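Down below is the structure, laid out as structure tokens.
There are 4 protein chains.
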Amino acid sequence: MSQLLSSPPMAVFSKPFINYKFTDARFPSSHSILSSGDFAGKIVPLKPMARLKLSVKSRQDDYFEKQRFGDSSSSQNAEGSSPRFYVGHSIYKGKAALTIEPRAPEFVALESGAFKLTKEGFLLLQFAPAAGVRQYDWSRKQVFSLSVTEIGNLVSLGPRESCEFFHDPFKGKGSDEGKVRKVLKVEPLPDGSGRFFNLSVQNKLLNVDESVYIPITKAEFAVLISAFNFILPHLIGWSAFANSIKPEDANRLNNASPKYGGDYEWSR
Amino acid sequence: MSQLLSSPPMAVFSKPFINYKFTDARFPSSHSILSSGDFAGKIVPLKPMARLKLSVKSRQDDYFEKQRFGDSSSSQNAEGSSPRFYVGHSIYKGKAALTIEPRAPEFVALESGAFKLTKEGFLLLQFAPAAGVRQYDWSRKQVFSLSVTEIGNLVSLGPRESCEFFHDPFKGKGSDEGKVRKVLKVEPLPDGSGRFFNLSVQNKLLNVDESVYIPITKAEFAVLISAFNFILPHLIGWSAFANSIKPEDANRLNNASPKYGGDYEWSR
Amino acid sequence: MSQLLSSPPMAVFSKPFINYKFTDARFPSSHSILSSGDFAGKIVPLKPMARLKLSVKSRQDDYFEKQRFGDSSSSQNAEGSSPRFYVGHSIYKGKAALTIEPRAPEFVALESGAFKLTKEGFLLLQFAPAAGVRQYDWSRKQVFSLSVTEIGNLVSLGPRESCEFFHDPFKGKGSDEGKVRKVLKVEPLPDGSGRFFNLSVQNKLLNVDESVYIPITKAEFAVLISAFNFILPHLIGWSAFANSIKPEDANRLNNASPKYGGDYEWSR
Amino acid sequence: MSQLLSSPPMAVFSKPFINYKFTDARFPSSHSILSSGDFAGKIVPLKPMARLKLSVKSRQDDYFEKQRFGDSSSSQNAEGSSPRFYVGHSIYKGKAALTIEPRAPEFVALESGAFKLTKEGFLLLQFAPAAGVRQYDWSRKQVFSLSVTEIGNLVSLGPRESCEFFHDPFKGKGSDEGKVRKVLKVEPLPDGSGRFFNLSVQNKLLNVDESVYIPITKAEFAVLISAFNFILPHLIGWSAFANSIKPEDANRLNNASPKYGGDYEWSR
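Chains as they are written, first to last, in UniProt numbering: chain A, 1 to 268; chain B, 1 to 268; chain C, 1 to 268; chain D, 1 to 268.
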């Protein structure tokens with residue numbers, strides 16, 4: 001059945017975002033410190049089929065999955081981990097709705113007790129066509145993940161400039177490469193009063209060929225840019241570094257440092 | 001009696017801002033994820049009369065209300081909730097004063113233990129006419145709530161551009177629609193040295209028809225824009241998300257994720 | 001004796017900045033929510049003489065004062081209050097040095113347990129003339145306090161624009177009014193490669209008439225602007241408000257709110 | 001042996017960055033509050049040889065060092081200090097890779113319990129030449145440390161402007177002065193679509209003369225600028241100050257302040 005809601009169904013949001021596994025070839029390996037290390041080597045070959053299976057699950061399955069993992073996620077909080085936040089910023093227009101939600105970066109713990117960024121965060125864009133007055137059909141939504149560099153592109157976009165991002169979820173994943181093609185276009189409105197966001201998806205595997213348009217006013221775009229500039233340092237992990245700056249620690253370790261100094265202007 | 005104070009009377013501030021229920025049709029439902037879900041459906045029809053009753057209360061009533069709820073609010077802190085902060089930023093001029101104060105977004109807790117943004121925060125503008133040297137009559141103040149998109153409008157306003165916001169507290173609330181009309185205009189000063197803020201209110205229910213003007217220098221406006229850019233990510237809940245990024249958590253859950261991954265570039 | 005140091009002597013820094021009482025008439029009362037309330041009324045008349053006595057103390061006195069209050073300040077930390085940070089950002093040039101240090105805003109606790117901003121923070125500029133190679137005579141320093149609006153002025157200053165701030169510590173303080181005059185000028189360098197900061201002080205009470213010039217490169221100025229934009233929301237207390245946004249709290253109080261809602265678009 | 005990795009070998013990252021001792025004469029003493037105090041005097045003369053020894057250690061030595069100090073660093077965390085974060089932001093291109101990582105400022109504790117910034121943080125740039133498809137030879141990397149002012153230079157760089165930074169690790173360190181010369185150039189790409197980063201290193205001590213070029217797109221540069229603007233207030237310690245603003249403290253101390261007030265507009 002197709003759902004008519006003004007906002008993405010909970011089932012979508014209730015999937016713990018940290019389950020996210022990265023599959024878009026467009027996301028530069030260049031954004032993953034370990035990208036071509038054995039870590040990445042290990043997981044990449046295993047994913048495609050799993051992804052495919054997951055991807056054709058119906059919303060209902062998502063709902064069941066939610067039930068299934070509900071305990072684990074709440075117990076997570078019992079474990080004292082910080083609660084998750086769903087903060088999709090939505091823009092609703094006559095013919096479509098757009099919800100933009102940040103996704104956290106990923107870290108691994110090192111033996112030393114330090115943490116290393118292994119994957120940058122991103123922005124998940126969800127486009128849903130209208131299905132009535134203030135009703136949107138989220139069962140027909142199309143999604144697009146904006147990488148940090150693509151965010152940088154939007155943030156530095158001149159008032160009369162356009163940009164286009166091409167994603168192929170199967171790029172470099174063998175026979176399905178090229179069968180799914182997503183294009184996000186951001187263009188100035190004719191009267192220069194704002195921007196047009198257009199996501200078009202060609203999916204030959206499911207015989208889907210859709211295009212969603214949504215006009216973004218200058219004011220709405222300003223909100224997005226302000227929010228993007230805010231979130232960017234968090235997506236690349238620099239805020240985690242910044243929050244770890246503790247004068248007390250620094251001080252203690254400075255005293256120790258003469259013991260084994262280093263020269264960062266000198267590498268060999 | 002009318003109070004002559006250089007700042008809004010405590011009674012105004014001492015109303016816990018989280019009591020705020022949103023009633024301005026101008027505030028885009030598009031900014032509320034649950035806007036046309038049953039959650040909103042439940043509370044909206046009940047409010048209009050309550051609002052009207054509240055709205056005609058005198059300042060004195062506010063004062064009593066303050067007394068009434070004083071304990072509960074202090075006990076809140078006893079309960080370990082974070083204390084409230086009143087941080088109105090004020091600009092005082094010869095003929096009027098303007099105080100701008102941020103209002104926090106609202107969240108709901110989900111069974112999973114996660115939190116979901118249900119209402120974006122906003123900025124409360126309070127205009128009071130002068131009543132003597134450095135004296136302002138806050139009993140005659142007029143207020144205007146700036147939504148996130150309206151903030152975006154101001155933040156992106158060119159030095160020679162103007163903007164205008166129309167609010168009708170009763171829009172879509174039946175017979176009173178159109179009886180109260182608020183217009184906030186922001187225009188460049190003739191000599192381009194700053195801006196004019198003008199709030200005009202026509203209230204046919206109370207036979208009020210007022211207009212408050214206050215000139216804002218370029219420097220004062222720069223402070224506002226800097227403050228607006230800072231607060232915006234907090235109003236849309238993105239800072240709450242950002243603060244919840246805990247490498248430790250992410251790391252633990254990353255290990256679990258291969259079990260039930262997801263592909264966000266794929267929706268059906 | 002006059003001290004030759006490359007940085008402000010500890011004695012200066014070691015005075016707990018929270019001792020700061022505001023005496024510069026240039027600091028707009030418009031920046032103090034309680035400015036013309038009885039609170040301000042109580043303390044202002046008492047200060048001038050005390051200030052005068054303090055102001056003529058020699059550095060040595062400062063040193064003794066440091067010793068005297070050393071315990072109290074460390075015991076403060078024992079009391080679990082957050083430690084103080086001295087983070088003067090310094091620019092050293094051939095003929096003078098400039099150190100800029102933020103000063104925190106002030107709050108009062110309300111019966112309700114909430115906090116109210118009573119005084120905005122500011123930036124303390126300290127200019128010291130050179131007294132040799134990389135030696136600066138901080139005993140001859142001149143200071144200037146930048147208010148939030150003055151910071152807004154600098155932040156919005158065009159590359160070819162100038163600005164000038166006039167301070168009279170005794171303005172409106174009776175017979176000494178006009179006897180001390182401070183002017184801070186910021187002008188573009190002839191070749192447009194940066195800015196000139198010039199502080200001139202005429203003090204008829206001490207027969208002082210000095211002027212300190214320091215050139216700031218475009219890059220150094222960019223650092224200042226970036227730092228000023230960062231600190232501004234902290235100086236007006238908005239970051240304290242932002243940090244107090246706790247979804248958990250908001251959530252609990254939201255449930256309560258239908259009991260006694262309010263309409264902020266409606267004031268009378 | 002030379003390592004072919006797409007990212008800096010762990011050995012590099014696993015050296016606790018707080019071991020960093022500052023040796024680049026380009027880093028303005030003017031950025032160190034204590035620069036010409038005895039503190040700096042004590043350590044500078046001792047370093048050069050140590051540095052030289054360290055600098056010629058092979059990666060393997062780094063690895064052993066890592067093992068040696070692994071315990072101490074993990075025990076540090078056991079001591080409850082905040083964990084370290086490795087958040088290098090990387091840009092990988094055909095001929096070279098660039099990783100940029102922030103380094104924390106340093107503080108000293110004062111008897112009073114307060115903290116004083118003694119050294120500003122910086123950005124460590126690491127350039128590695130390509131050694132195959134998505135393979136980079138980090139054993140041949142060249143590093144460059146960007147000071148706060150140099151960051152300000154990049155942040156304020158016009159779209160068609162260039163800049164150049166010269167570093168001599170031995171400047172003012174005697175006979176080796178001038179024997180190592182590093183130049184970082186940032187120039188607009190011919191078509192104005194981005195920037196060229198070029199690091200050239202002449203090391204007469206090791207007969208090294210290398211130059212690494214890497215093109216940075218407009219979008220990638222926008223990400224860097226956004227990240228630089230974010231991190232800058234942390235590098236100069238202003239965020240540590242900002243985080244220490246506690247209304248509760250301020251309030252208690254305000255009450256005490258009339259006892260021993262001060263006038264910051266008055267210095268002698």
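Ideal Cβ placement from N, Cα and C applies to all residues, glycine included.
A quick note: this is a predicted structure, and the numbers were derived from the prediction, not measured.
Return the first residue and the last residue of the beta strand (DSSP E) that C:K218 is part of. Per DSSP, C:K218 lies in no beta strand (DSSP E) segment; the continuous alpha helix (DSSP H) that holds it begins and ends at K218 to L235.
Please name the residue in A:S193, A:E210, A:V223 and A:D191 whose C-alpha comes closest to that of residue 273 of chain A. Only positions 1 to 268 of chain A appear in this structure, which leaves residue 273 of chain A out of reach.
What residues in its chain sit with their C-beta under 6 Å from that of B:D176, if we drop five residues either side in the sequence? Excluding residues within five positions, the ones whose Cβ falls inside 6 Å are F170.
Does any C-beta atom of chain A lie closer than 8 Å to the C-beta of B:F241? Between B:F241 and chain A, the shortest Cβ-Cβ separation is below 8 Å.
Chain-ordered residues of the stretch 111-124 of chain C with a beta carbon less than 9 Å from chain B: So the close ones are E111, S112, G113, A114, F115, K116, L117 and E120.
Touching by the beta-carbon criterion (3+ pairs, under 8 Å), the stretch 108-115 of chain A and the stretch 187-198 of chain A: At 8 Å Cβ cutoff, the stretches do not touch.
Can you look up C:L184 in the DSSP assignment and give me helix, strand or coil? In this structure, C:L184 counts as strand in the three-state DSSP scheme.
With three or more beta-carbon pairs closer than 8 Å as the criterion, would you say the stretch 176-186 of chain A touches the stretch 197-204 of chain A? The stretch 176-186 of chain A is in contact with the stretch 197-204 of chain A.
Whole angstroms are fine: how far does the CA of D:Q142 sit from the CA of B:A104? C-alpha separation (whole angstroms): 48 Å.
Count the CB pairs spanning the stretch 215-225 of chain B and the stretch 147-160 of chain C that are closer than 8 Å, and state whether there are at least three. Because the criterion of three Cβ pairs below 8 Å is met, the stretch 215-225 of chain B and the stretch 147-160 of chain C touch.
Out of C:A242, C:R84 and C:S90, which one is the CA nearest neighbour of C:F215? The sequence shown places Pro at residue 215 of chain C, rather than the Phe named in the question. Considering only alpha carbons, the answer is C:S90.
3 or more residues per run - each beta strand (DSSP E) lying fully within the stretch 137-197 of chain D: Runs found: 142-146, 163-167 and 180-188.
Within-8 Å CB hit, A:L184 to chain B: At a cut-off of 8 Å, the C-beta of A:L184 has no neighbouring C-beta in chain B.
Contacts of B:V148 in chain A (Cβ-Cβ under 7 Å): Contacts between B:V148 and chain A, judged by CB atoms closer than 7 Å, involve V223 in chain order.
Please state whether DSSP places C:A96 in a helix, a strand or coil. Here C:A96 sits in strand by DSSP.
Quick one: what's C:I91 bridged to in DSSP? Secondary-structure assignment with DSSP links C:I91 through a beta bridge to C:L98.
Pull out every residue of the stretch 80-113 of chain C whose Cβ sits closer than 9 Å to any Cβ of chain D, in chain order. Within the stretch 80-113 of chain C, the qualifying residues are S81, S82, P83, R84, F85, Y86, V87, G88, H89, S90, I91, Y92, K93, A97, T99, E101, P102, R103, A104, P105, E106, F107, V108 and A109.
Would you kindly work out how many angstroms separate the C-alpha atoms of B:P102 and C:W238, rounded to a whole number? Approximately 8 Å between the Cα atoms of the pair.
For A:N243 and A:N207, I'd like the C-alpha separation in whole angstroms. The straight-line gap separating the alpha-carbon atoms of A:N243 and A:N207 is approximately 47 Å.
If you compare alpha carbons, which of B:L124, B:L125, B:Q126 and B:E106 is closest to B:T118? Out of B:L124, B:L125, B:Q126 and B:E106, B:E106 has the C-alpha closest to the C-alpha of B:T118.
Within 10 angstroms of its Cβ, does D:R160 collect 16 or more other Cβ (buried), or is it exposed? So D:R160 counts as exposed.
A:Y86 to A:K246, Cα distance in whole Å? Taking the straight line from one Cα to the other gives about 29 Å.
Distance, Cα to Cα, D:E220 vs B:L123? Their backbone Cα atoms lie some 34 Å apart in a straight line.
Interface partners of A:V155 on chain D, CB under 7 Å: Going along chain D in sequence order, the residues near A:V155 (Cβ under 7 Å) are A222 and S226.
For the beta strand (DSSP E) that contains B:A128, what are its first and last residues? In this chain, the beta strand (DSSP E) harbouring B:A128 covers F122 to P129.
What did DSSP end up calling A:S112 once you bin it into helix, strand or coil? Correct three-state label for A:S112: coil.
Excluding the 5 residues preceding and the 5 following B:Q76 in the sequence, name in chain order all residues of the same chain whose CB lies nearer than 6 Å to its CB. Bear in mind that a pLDDT of 37 at B:Q76, under 50, signals an unreliable position, so the number given afterwards is only what the model happens to contain. Leaving aside the five residues that flank B:Q76 on each side, none in its chain has a CB nearer than 6 Å to its CB.
Keeping to the same chain, check which residues put their C-beta closer than 7 Å to that of A:L232; ignore five residues upstream and five downstream. Beyond the five residues adjoining it in sequence on each side, A:L232 comes within less than 7 Å, by CB distance, of V148 and I151 in the same chain, given in chain order.
Within 8 Å of any Cβ in chain D, is that where the Cβ of C:I231 sits? Yes, its Cβ sits closer than 8 Å to a Cβ of chain D.
Which of helix, strand or coil does DSSP assign to D:N203? D:N203 falls in the strand class under three-state DSSP.
Alpha helix (DSSP H) segment containing B:A242, residue limits: Start and end: W238 to N243.
Pull up the CB-CB distance for B:L235 and B:G88, whole angstroms please, since I reckon it's below 8 Å. Not a contact, Cβ separation roughly 16 Å.
What does B:K218 touch in chain C if you count any residue whose Cβ is under 9 Å from its own? Contact annotation for B:K218 against chain C: G152, N153 and S156 [CB-CB distance below 9 Å, chain order].
Please identify, using Cβ separations under 7 Å, the residues of the stretch 190-204 of chain C that lie next to chain B, in order along the chain. Only those residues of the stretch 190-204 of chain C whose C-beta falls short of 7 Å from the nearest C-beta of chain B would be listed, and there are none.
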